[in-house]
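These notes are about the structure you will find just below.
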Amino acid sequence: MSKSTMDEFNLRIYSILDALPTGETISYGELAKQSGFKGYARQVGQLLKQLPKDSALPWFRVINSKNEISFPIDSDAYLRQKEHLEKEGWRVVGKKVKPS
DNA sequence: AGTATGGCGACGA
DNA sequence: ATCGTCGCCATAC
């Protein structure tokens with residue numbers, strides 16, 4: 001993947017994520033697919049992990065295809081994501097993100 | 001150049 | 001529901 005292609009990829013991911021409605025979630029793979037880069041789920045993860053902690057983008061609305069938070073249960077990141085999701089009406093049991 | 005490591009995903013057992 | 005195994009692809013050594 002060339003550098004310019006990557007820039008394009010990043011922009012699309014940001015754009016889609018920015019437009020993702022409150023109360024909704026999306027998977028890494030789905031994001032990748034919608035951006036036109038099917039199979040780039042891991043790259044989505046890589047991109048999101050470099051976002052500043054106070055980013056305006058709803059990074060926490062991105063979970064894996066099994067509807068789980070992709071962080072170790074005891075990590076800080078896990079907790080932060082859980083808080084956010086619950087604040088938007090989800091119930092988080094372990095790693096599972098369930099509708100309330 | 002080869003290997004390990006991820007905020008992943010699909011499928012089979 | 002859970003655990004392996006593979007496939008996937010950029011990054012870091």
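So that you can map any letter, position 78 of the first sequence is 78 in the numbering used here, and since no number is skipped, the others follow by simple counting.
C-beta atoms are modelled at their ideal positions from N, C-alpha and C, and glycine is treated no differently.
These numbers were taken from a predicted model, which means no experiment stands behind them.
Nearest candidate by alpha-carbon position, reference residue i, set the options
| i | options | result |
| --- | --- | --- |
| Y28 | E83, T5, P58, S65 | S65 |
| S15 | G94, E86, L47 | L47 |
| K87 | S2, A41, E24, R42 | E24 |
Contact check, residue i vs residue j, beta carbons under 8 Å
| i | j | result |
| --- | --- | --- |
| V92 | I73 | no |
| I63 | S35 | no |
| D18 | L57 | yes |
Alpha-carbon to alpha-carbon, residue j and residue i
| i | j | result |
| --- | --- | --- |
| S75 | L85 | 16 Å |
| V97 | E8 | 30 Å |
| V44 | G89 | 24 Å |
| D137 | K82 | Residue 137 is absent from the model: the chain starts at 1 and stops at 100. |
| S4 | F71 | 30 Å |
| M6 | T22 | 27 Å |
| N67 | A32 | 16 Å |
| R42 | K95 | 18 Å |
| P52 | Y40 | 21 Å |
Burial state of residue i, where buried means 16 or more other Cβ atoms lie within 10 Å
| i | result |
| --- | --- |
| Q50 | exposed |
| R61 | buried |
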